[in-house]
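Numbering (the numbering used here), first residue to last: 376 to 660.
Next comes the structure, spelled out in structure tokens:
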């Protein structure tokens with residue numbers, strides 16, 4: 376069941392990417408992030424109240440910084456999806472495991488030789504994906520997608536630190552949704568706001584619903600006895616995204632692209648397996 380929950384989560388994440396790409400025809404990335412974050416905020420507020428989790432936190436600086444980084448990662452990811460083939464954008468976002476290893480090393484965490492080998496493998500994959508397989512007009516999207524992976528890795532680093540300090544995950548997700556809603560609403564002040572019609576509204580609703588469903592399924596998967604198995608199966612999102620891209624947009628990938636995607640996925644799997652466990656959770660004050 377744990378495997379099935381993670382595969383379902385990966386399918387939902389890929390469906391979210393499809394909705395983002397389709398919604399981008401009528402809405403900007405900032406608008407998509409805003410509607411996705413607002414609905415998530417409403418759902419998370421209901422969840423923390425239902426669970427009786429207090430919203431008061433002694434680690435508000437960490438929560439705000441995690442929210443800002445997470446919002447930036449989400450905006451860059453959605454933007455990259457609008458500019459790149461779906462599988463390419465998803466793969467670049469999944470370099471987050473590679474960046475997380477780099478941040479842990481910078482924070483003083485001793486990493487094994489295997490981790491450094493995984494990082495080197497990932498860098499080779501990124502180089503192949505950005506250089507031979509992207510046309511000149513896609514280079515900006517490639518850099519934005521890579522930036523989304525770097526920011527996501529930083530957000531995961533913050534989540535690890537918050538967990539070590541005893542912050543409940545539901546509270547952390549709530550503050551992420553709150554900060555993202557506030558930041559994206561400010562972003563709307565400087566961008567055109569497009570009217571919501573039945574089709575575009577359905578797509579925006581689909582982004583939020585698939586994202587929320589994916590988060591719930593992923594949480595259920597990681598609650599199982601083998602979290603490493605769940606982390607490994609998470610990369611099936613790349614497979615689903617590739618299939619959707621070929622079926623819906625006839626996206627073709629040459630041999631270099633497939634080799635690069637394979638190297639990045641392999642690097643992420645190795646980094647996920649070899650990364651040190653999250654620090655022991657300390658009791659919340």
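A virtual CB, placed ideally from N, CA and C, is assigned to each residue, including glycine. Owing to the predicted nature of the structure, the values given are computational and were not obtained by experimental measurement.
Around residue 464, the same chain offers 455, 456 and 520 as residues with beta carbons nearer than 6 angstroms, after the five sequence neighbours per side are excluded.
Between residue 395 and the set 459, 546 and 484, the nearest pair of CA atoms involves 459. Pairing residue 545 with residue 419 gives a Cβ-Cβ distance under 9 angstroms. Residue 488 sits exposed, since fewer than 16 C-beta atoms from the chains shown fall within 10 Å of its C-beta. Taking a cut-off of 8 angstroms on C-beta distances, the segment 570-587 does not touch the segment 425-434, as fewer than three cross pairs fall below it.
Straight-line measurement puts the Cα of residue 480 at about 42 angstroms from the Cα of residue 568.
Residues of the same chain with a CB within less than 7 angstroms of the CB of residue 398, apart from the 5 flanking positions on each side, are 407, 575, 578, 579 and 582 in chain order. With a threshold of 16 other beta carbon atoms within 10 Å, residue 484 falls short and is exposed. Distance from the Cα of residue 504 is smallest, within the candidate group 436, 518 and 614, for 518.
Boundaries of the alpha helix (DSSP H) harbouring residue 535: 514-539, taken from the DSSP string. The beta-carbon separation of residue 638 and residue 528, rounded to 17 angstroms, does not stay under the 8 angstroms limit for a contact. Counting along the chain, residue 436 sits inside the alpha helix (DSSP H) bounded by residues 435-458. Within its own chain, the residues whose Cβ lies closer than 7 angstroms to the Cβ of residue 486, once the five positions on either side in sequence are excluded, are 476, 479 and 480, listed in chain order. In this structure, residue 526 lies near residue 448, with their beta-carbon atoms less than 9 angstroms apart. The continuous alpha helix (DSSP H) containing residue 478 extends over residues 471-481. Approximately 5 angstroms separates the beta-carbon atoms of residue 636 and residue 466; this is inside 8 angstroms, confirming the contact. Secondary structure of residue 568 (DSSP, three-state): coil. DSSP, read as helix, strand or coil, puts residue 430 in coil.
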